[in-house]
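Taken in sequence, the protein lines are chains A and B. Quick note, the first sequence lines up with residues 124 to 369 if you use our numbering. Quick note, the second sequence lines up with residues 124 to 369 if you use our numbering. Where is the CB? At the ideal position from N, CA and C, for every residue including glycine.
There are 2 protein chains.
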Amino acid sequence: MSKLPKKSPKQPPAEQSGSDVPVGLNQIPLLQILSAQDRQKVLGEMTETRYGKGQYIFREGDPTEYFHIVKEGSVKCVKSSLDGKECTLKVLMPGDLFCCDASAFDGASHPGTAQPMGDVSVLRMKNDAYFKMLRANPDAAMEVIRYLGNRLNEAQEKAKVLALDRADQRLAALLVNLAERSGIKEPNGIRVSVRLTRQDMANMVGVTTETAIRIMARFKKDRLVSGTAARLVIRDLLKLKLLAST
Amino acid sequence: MSKLPKKSPKQPPAEQSGSDVPVGLNQIPLLQILSAQDRQKVLGEMTETRYGKGQYIFREGDPTEYFHIVKEGSVKCVKSSLDGKECTLKVLMPGDLFCCDASAFDGASHPGTAQPMGDVSVLRMKNDAYFKMLRANPDAAMEVIRYLGNRLNEAQEKAKVLALDRADQRLAALLVNLAERSGIKEPNGIRVSVRLTRQDMANMVGVTTETAIRIMARFKKDRLVSGTAARLVIRDLLKLKLLAST
DNA sequence: AATAAAACATGACAAATGTAATGTTTCCAA
DNA sequence: TTGGAAACATTACATTTGTCATGTTTTATT
């Protein structure tokens, strides 16, 4: 969910820092791999930050100083073209790493913007501490290699879909993906737990908002989906899958 | 060049295996990083193979057993959709690594096809030897992380371009890229040293062959390029750059 | 509850790109 | 050198998607 557990209007200081293990950290494979001792050390070097609507974690072009991990909530990676059009490359979920990549080397700058979708909590760590940790832990380095490899395959698959498929197929593929990655079973379908407007979807599949709206209207008519934004439900995953690959 | 140095019709056994260092190996960053000793060991575990027109290095869906490095020539990475359309994701050049990624883990299969563009020479090494090498050499592991990170950024940039730009802009961007990555200065422009048909270009930017032909015809009329396939020349890099980002 | 802002929706029209059919040129191998 | 394949080319037309304009509904905020 993009909403964190209810709490009084002003947020209390971030949880953690008690003597017991902070909630949520066991969803982070990279940390699980480390020995208890190394993990403690790494956690000591990491800072937790919360972000809300309208904020940025970093922006395209900013210098890259930190390595990041999503702890709670969802984060979107966005790139924009000179004429203001935007495209969302990836929705990061808890456990996802970002800036674990080349943009973190030799004083480069961020190739895209990272912004929270709803309230999120992010762990971060200085680049040099991160590299030091990787050099000292072959297992962690291998995990990062595997993770980056997966991201690369994913990105290439995305490029393929953008290059070869029609707008409705791309949108169907997106919905299938969301259902599988963040879906919650409900009596009448699978609810997507990330708040996603038609505009968001449009940015994710490279079409205009109007086109996304029209296609979603068709999907709704055909009883493949229902609801909007905060309450989007996938009603016929199979048919969507079929459509995505037709 | 995609043509290797002239030789008699039947190819003689691959060069190397003399006592002196094989030609071309100093173009491979990953090997340069290793100590002379480790490099020798790694080279001992690698096999050199040559491929020619019409062959495949591996195909989409094949099990991944080897890690690869391009030594000479160019290799293209291709994915295809169910209905036979193809898209070329990346042209690998000497020094480029492939299957250094997630597809190499836990008995996965290749997410795409690798095929030679003209004659190429490829080094390869069993996956487990590769992983062992990475674990033993933090510098090599860091180099692979940096390399994968670059590939990831590149792939995301490609997705962005596919999502937001028009066909002519994408084609212009491709030509600029080729000129910069494999261009050879000539009196009247920059010759692209990889043989590239209109069909190849179409596959790289996600359009039909006819569209690629039409756009290239326009570019030719406007004196931005000249020639075809084996003799493609970029005549006005600046204007192409401008077009790509307009 | 009132109000403003964001999201959703729809229609008319324009532009970009694909499809199909067909012909010419270039390249390569017998 | 020559015949056949691949590459290049062009036309007419169909389809997809974008653009613009406008209006309604939903959501969030005071």
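Sub-9 Å separation of residue i and residue j beta-carbons
i	j	result
glutamate 280 of chain B	lysine 202 of chain A	yes
methionine 248 of chain B	valine 165 of chain B	yes
valine 356 of chain A	valine 328 of chain A	no
leucine 287 of chain B	serine 232 of chain A	no
leucine 220 of chain A	tyrosine 270 of chain A	yes
glycine 235 of chain A	glutamate 183 of chain A	yes
isoleucine 338 of chain A	leucine 294 of chain A	yes
alanine 225 of chain A	glycine 196 of chain B	no
leucine 275 of chain B	alanine 278 of chain A	yes
threonine 351 of chain B	arginine 321 of chain B	yes
leucine 363 of chain A	valine 299 of chain A	yes
leucine 263 of chain A	leucine 153 of chain A	Per the sequence shown, the amino acid found at residue 263 of chain A is alanine instead of leucine. Yes, Cβ-Cβ distance for alanine 263 of chain A and leucine 153 of chain A is below 9 Å.
cysteine 210 of chain B	alanine 282 of chain A	yes
phenylalanine 75 of chain A	asparagine 250 of chain A	Any answer about residue 75 of chain A is impossible in this case: the structure gives chain A only from 124 up to 369.
C-alpha gap between residue i and residue j, whole angstroms
i	j	result
threonine 245 of chain A	arginine 162 of chain A	Here residue 245 of chain A turns out to be valine, not threonine, going by the sequence shown. In a straight line, the C-alpha of valine 245 of chain A is about 17 Å away from that of arginine 162 of chain A.
glutamine 155 of chain A	isoleucine 192 of chain A	13 Å
glutamine 178 of chain A	lysine 199 of chain A	12 Å
lysine 344 of chain B	isoleucine 180 of chain A	46 Å
isoleucine 313 of chain A	aspartate 291 of chain A	20 Å
arginine 346 of chain A	lysine 213 of chain B	39 Å
valine 348 of chain A	threonine 369 of chain A	18 Å
methionine 240 of chain B	glutamine 150 of chain A	43 Å
aspartate 206 of chain B	arginine 358 of chain A	26 Å
lysine 129 of chain A	leucine 215 of chain A	Confidence at lysine 129 of chain A is low in this model, with a pLDDT of 30, below 50, so the placement of that residue is unreliable and no value is reported for it.
alanine 335 of chain B	leucine 157 of chain B	43 Å
phenylalanine 254 of chain A	cysteine 222 of chain A	12 Å
proline 261 of chain A	proline 217 of chain A	23 Å
alanine 296 of chain B	methionine 324 of chain B	11 Å
glycine 147 of chain A	alanine 252 of chain B	36 Å
valine 267 of chain B	isoleucine 268 of chain A	7 Å
asparagine 311 of chain B	alanine 302 of chain B	13 Å
threonine 172 of chain A	asparagine 326 of chain B	43 Å
alanine 340 of chain B	alanine 259 of chain B	53 Å
lysine 176 of chain B	glutamate 333 of chain A	45 Å
leucine 365 of chain B	aspartate 242 of chain B	34 Å
arginine 354 of chain B	threonine 331 of chain B	21 Å
lysine 308 of chain B	leucine 360 of chain B	12 Å
leucine 257 of chain B	leucine 257 of chain A	12 Å
lysine 208 of chain B	leucine 319 of chain B	18 Å
aspartate 229 of chain B	aspartate 185 of chain A	36 Å
For residue i, three-class secondary structure by DSSP
i	result
lysine 129 of chain B	Because the pLDDT at lysine 129 of chain B is just 29, under 50, the model does not fix this residue reliably, and the point stays unresolved.
valine 330 of chain B	coil
glutamate 195 of chain A	strand
phenylalanine 228 of chain B	coil
glycine 167 of chain A	helix
threonine 235 of chain A	Reading off the sequence, residue 235 of chain A comes out as glycine, not threonine. DSSP places glycine 235 of chain A in coil when its eight states are reduced to three.
valine 144 of chain A	Residue placement at valine 144 of chain A is flagged as unreliable, the pLDDT there being 46, under the threshold of 50; a coordinate-derived value is accordingly withheld.
arginine 341 of chain A	helix
methionine 248 of chain B	strand
aspartate 185 of chain A	coil
isoleucine 336 of chain A	helix
arginine 354 of chain A	helix
tyrosine 179 of chain B	coil
arginine 162 of chain A	helix
aspartate 262 of chain A	helix
leucine 257 of chain A	helix
lysine 213 of chain B	strand
lysine 202 of chain A	strand
leucine 347 of chain B	coil
leucine 220 of chain A	strand
proline 135 of chain B	Unreliable positioning characterises proline 135 of chain B in this predicted model, as indicated by a pLDDT of 34, which lies under 50. The coordinate reading is nonetheless provided below. The answer is coil: DSSP assigns proline 135 of chain B none of H, G, I, E or B.
If we require 4 or more residues per run, which alpha helix (DSSP H) segments fall completely within the stretch 267-328 of chain A?
Correct list: 290-305, 321-328.
At a Cβ cut of 8 Å, what residues of the stretch 279-307 of chain B count as close to chain A, listed as they run along the chain?
Sequence-ordered contacts of the stretch 279-307 of chain B with chain A read Gln279, Glu280, Lys281, Ala282, Lys283, Leu285, Ala286, Leu287, Asp288 [C-beta pairs closer than 8 Å].
The stretch 180-192 of chain B: which residues have C-beta closer than 8 Å to a C-beta of chain A, in chain order?
Close to chain A, meaning a Cβ-Cβ distance shorter than 8 Å, is no residue of the stretch 180-192 of chain B at all.
Using a Cβ-Cβ cut-off of less than 8 Å, give me the residues of the stretch 214-243 of chain A that come near chain B, in sequence order.
Residues of the stretch 214-243 of chain A with a C-beta less than 8 Å from any C-beta of chain B: Cys223, Asp224, Ala225, Ser226, Ala227, Phe228, Pro234, Gly235, listed in chain order.
In the stretch 323-334 of chain A, which residues sit with their C-beta less than 9 Å from some C-beta in chain B, listed in chain order?
When C-beta distances to chain B are compared with 9 Å, the residues of the stretch 323-334 of chain A below that value are Asn326, Met327, Val328, Gly329, Val330, in chain order.
Members of the stretch 264-277 of chain A near chain B, C-beta cut-off 8 Å:
The residues in question are Ala264, Met265, Val267, Ile268, Arg269, Tyr270, Leu271, Gly272, Asn273, Arg274, Leu275, Asn276.
Please list, in chain order, the residues of the stretch 197-208 of chain B that have any C-beta partner in chain A closer than 7 Å.
Of all residues in the stretch 197-208 of chain B, Lys202, Ser204, Leu205, Lys208 have a Cβ within less than 7 Å of some Cβ in chain A.
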